[in-house]
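Those letters in the sequence shown? Residues 1025 to 1413, by this note's numbering.
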Amino acid sequence: MNEAAEHSVTDGERIPFNRPYLTGRERDYIEEVLQSRLFAGDGAFSRRCQALLQQRFGAASVQLTTSCTSALEVAALLCDLAPDDEVIVPSYTFVSTANAFWLRRAKVKFVDIRRDTLNIDETQIEAAIGPRTRVIAPVHYAGVGCEMDAIMALAAKHGLIVVEDAAQGVNATYKGRYLGTIGDMGCYSFHDSKNFVAGEGGAFLTNNESLARRAEIVREKGTNRSQFFRGEVDKYTWMDIGSSYIASDLLAAMLLAQLEGMDEITALRGRAYGRYAVALASLVAAGAVEVQSIPQHCATNFHLFYILVEDPDTRTRLIDHLKRQGIHAVFHYVPLHSSPVGETMGNRAGMLPVTEYCAERIVRLPLYAGLRDEDVDRVAGSVRSFFGH
Ligand SMILES: *Cc1c(COP(=O)(O)O)cnc(C)c1O
1025 MNEAAEHSVT DGERIPFNRP YLTGRERDYI EEVLQSRLFA GDGAFSRRCQ
1075 ALLQQRFGAA SVQLTTSCTS ALEVAALLCD LAPDDEVIVP SYTFVSTANA
1125 FWLRRAKVKF VDIRRDTLNI DETQIEAAIG PRTRVIAPVH YAGVGCEMDA
1175 IMALAAKHGL IVVEDAAQGV NATYKGRYLG TIGDMGCYSF HDSKNFVAGE
1225 GGAFLTNNES LARRAEIVRE KGTNRSQFFR GEVDKYTWMD IGSSYIASDL
1275 LAAMLLAQLE GMDEITALRG RAYGRYAVAL ASLVAAGAVE VQSIPQHCAT
1325 NFHLFYILVE DPDTRTRLID HLKRQGIHAV FHYVPLHSSP VGETMGNRAG
1375 MLPVTEYCAE RIVRLPLYAG LRDEDVDRVA GSVRSFFGH
């Protein structure tokens, strides 16, 4: 943030882009772990989080991890990729979606997104499938589901594995099914920037029993210690590749309080989201901005409220205008295909026009549980005044 902007705030308190919400039970649960002297992973609170998510979302196996990045790494390890096997991902995503597979020496093939949802364009996936393609990794942007029926049908036709990056999609559904439980494997994030937070945290999900068994070993440094703790074997040892991906029970205690408050948090976010939609409807109708459209068959978790403006210069000026009024609005990803690593893979600007168009025009408005009605009105009013409405 530049200094001039900091000092020219005129209109009330600053409105941050994000502010994690506390349900009130976090402190008691963390205190319980401190009292127990059992801080390591897969303890009582981790098991309660896992059971809650399994029951609520209908997932056979949920395993907490230190982040969504590590859940994606577990998934990528379980794909058993050979060098030069190919993985299809959208370019408009966080680095980890692609990096988890690149770490395994796979080739990453980027596919364009849909302008209405910013999700991978399912109609362009088949053209990217070749003889070495092994995985499709759709990303549910802003908590709105990708077209999973089409993606699963392509995967079945070509014998591919589907890994859902549902970092932003916790507690959102596609045709009544929870995001992260539809593909072969799913990955959640509980980072501060997401809907339900543990500071840093994530989860690996699968409905496939053999993948679940192997994931337990992979996230436990390649050992069968989980089976040992359950009393299923009398010693534990090195069984497979793996690393250290298990979150501390202290973080699980914080997370349990958040997950128990899932409905409350979602309702608060939904209230702010709905208020933005109403307040900005006239700008959308006038063609000044576009907003995300949510397909009928998707229920969002209200992860983001964004607008697309007409050109990159308007975006810079709008973000500055909001900043001068104490409002922190932000853009989002640098498309991965045009990043320094993406370029080493032979990609170049111009290749994915919708991704490039939207990446340069998106503005995400402040949205979090606890954002007050008057804050939403102030942000929306400031956006409207910028466009002379
Ligand atoms: C936040 C995010 C991640 C990374 O989550 P961490 O828990 O911080 O590792 C991965 N993918 C997407 C799409 C995200 O939004």
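A virtual CB, placed ideally from N, CA and C, is assigned to each residue, including glycine.
(1) Between which two residues does the beta strand (DSSP E) holding Cys1211 run?
(2) Measure the beta-carbon distance from Cys1073 to Leu1088 and round it to whole angstroms, keeping in mind my assumption that it falls under 8 Å.
(3) Roughly how many angstroms lie between the CA atoms of Gly1204 and Arg1139, to the nearest whole one?
(4) Within a Cβ cutoff of 8 Å, which residues of the same chain sit near Asn1248, ignoring the five residues on either side of it in sequence?
(5) Decide yes or no for the touch test of the segment 1276 to 1285 against the segment 1046 to 1057: beta carbon pairs closer than 8 Å, at least 3 of them.
(6) Please go through the same chain and pick out, in chain order, the residues whose beta-carbon is closer than 6 Å to the beta-carbon of His1321, but skip the five residues on each side of it.
(7) Can we count Gly1226 as close to ligand 1, meaning its CB is less than 6 Å from some heavy atom?
(8) Does at least one heavy atom of ligand 1 sit under 6 Å from the Cβ of His1361?
(9) Compute the distance between the beta-carbons of Phe1410 and His1345, then report whether it is under 7 Å.
(10) Which class does Glu1037 belong to by DSSP, given the choice of helix, strand or coil?
(11) Given that a residue counts as buried once 16 or more other Cβ atoms are within 10 Å of its Cβ, and exposed if not, what is Ser1406?
(12) Please tell me whether, using a cut-off of 6 Å, the distance from the CB of Cys1170 to the nearest non-hydrogen atom of ligand 1 is below it.
(13) Taking 6 Å as the cut-off, is the beta-carbon of Gln1192 closer than that to any non-hydrogen atom of ligand 1?
(14) Under DSSP, the alpha helix (DSSP H) around Ala1152 begins and ends at which residues?
(15) Quick check: does the Cβ of Asp1189 come within less than 6 Å of any heavy atom belonging to ligand 1?
(16) Sorted by chain position, which residues of the same chain lie with C-beta nearer than 7 Å to Glu1027's C-beta, five sequence neighbours on each side aside?
(17) Using only the heavy atoms of ligand 1, determine whether one of them is closer than 6 Å to the beta carbon of Ser1091.
(18) Verify whether the separation of the beta carbon atoms of Ser1363 and Ala1373 is less than 7 Å.
(19) Once the 5 residues before and after Ala1084 are set aside, which same chain residues still bring their CB inside 8 Å of it?
(20) If we ignore side chains and look at the alpha-carbon of each, how far apart do Arg1016 and Pro1040 end up?
Once the coordinates are examined:
(1) Here the question's residue 1211 lines up with position 187 in the sequence shown. That run of the beta strand (DSSP E) goes Met1209 to Ser1213.
(2) Looking up residue 1073 in the sequence shown gives position 49. Looking up residue 1088 in the sequence shown gives position 64. With 8 Å as the limit, Cys1073 and Leu1088 qualify as a contact, their Cβ atoms being about 6 Å apart.
(3) Here residue 1204 is taken as the residue at index 180 of the sequence shown, counted from 1. Here residue 1139 is taken as the residue at index 115 of the sequence shown, counted from 1. Going by the C-alpha atoms only, they are around 22 Å apart.
(4) Locating residue 1248 in the sequence shown gives position 224, counting from the first residue. Excluding residues within five positions, the ones whose Cβ falls inside 8 Å are Glu1240, Ile1241, Val1257, Tyr1260, Thr1261 and Met1263.
(5) The segment 1276 to 1285 makes contact with the segment 1046 to 1057: 3 or more CB pairs, one atom from each, lie closer than 8 Å.
(6) What you label residue 1321 is simply residue 297 of the sequence shown in a count that begins at 1. So the list reads Lys1199, once near-sequence residues are dropped.
(7) Mapped onto the sequence shown, residue 1226 falls at position 202. Answer for Gly1226: yes, Cβ within range of ligand 1.
(8) In the sequence shown, residue 1361 corresponds to position 337, counting from 1. Checking every heavy atom of ligand 1 against the Cβ of His1361, none is found closer than 6 Å.
(9) If you number the sequence shown from 1, residue 1410 lands on position 386. If you number the sequence shown from 1, residue 1345 lands on position 321. Yes, Cβ-Cβ distance for Phe1410 and His1345 is below 7 Å.
(10) Working through the sequence shown from its first residue, we reach residue 1037 at position 13. Glu1037 falls in the coil class under three-state DSSP.
(11) Your numbering for residue 1406 matches position 382 in the sequence shown. Counting Cβ neighbours within 10 Å, Ser1406 comes out buried, since at least 16 surround it.
(12) Position 146 of the sequence shown holds residue 1170. No, since every heavy atom of ligand 1 falls outside the 6 Å radius drawn around the Cβ of Cys1170.
(13) In the sequence shown, the residue the question calls residue 1192 occupies position 168. Annotation for Gln1192 indicates a beta carbon within 6 Å of some heavy atom of ligand 1.
(14) As a working mapping, residue 1152 is identified with position 128 in the sequence shown. It spans Ile1149 to Ala1152 - the alpha helix (DSSP H) in which Ala1152 sits, taken as one unbroken run.
(15) Stepping through the sequence shown from its first residue, residue 1189 is reached at position 165. Result yes, Cβ under 6 Å from ligand 1.
(16) Sequence index remark: in the sequence shown, residue 1027 carries index 3 (1-based). Because Glu1027 carries a pLDDT of 39, less than 50, the predicted location of this residue cannot be relied on, and the following value inherits that uncertainty. In its chain, beyond the 5 residues on either side, no residue has a beta carbon closer than 7 Å to the beta carbon of Glu1027.
(17) For the purposes of this step, residue 1091 is taken as residue 67 along the sequence shown, with counting starting at 1. Answer for Ser1091: yes, Cβ within range of ligand 1.
(18) Counting from 1 along the sequence shown, the entry for residue 1363 is found at position 339. Counting from 1 along the sequence shown, the entry for residue 1373 is found at position 349. Judged by their CB atoms, Ser1363 and Ala1373 are not nearer to each other than the 7 Å cut-off.
(19) Translated into positions along the sequence shown, residue 1084 becomes position 60. Residues of the same chain with a CB within less than 8 Å of the CB of Ala1084, apart from the 5 flanking positions on each side, are Gln1078, Thr1230, Asn1231, Asn1232, Glu1233 and Ala1236 in chain order.
(20) In the structure as shown, the chain starts at 1025 and stops at 1413, and residue 1016 therefore has no counterpart that could be examined.
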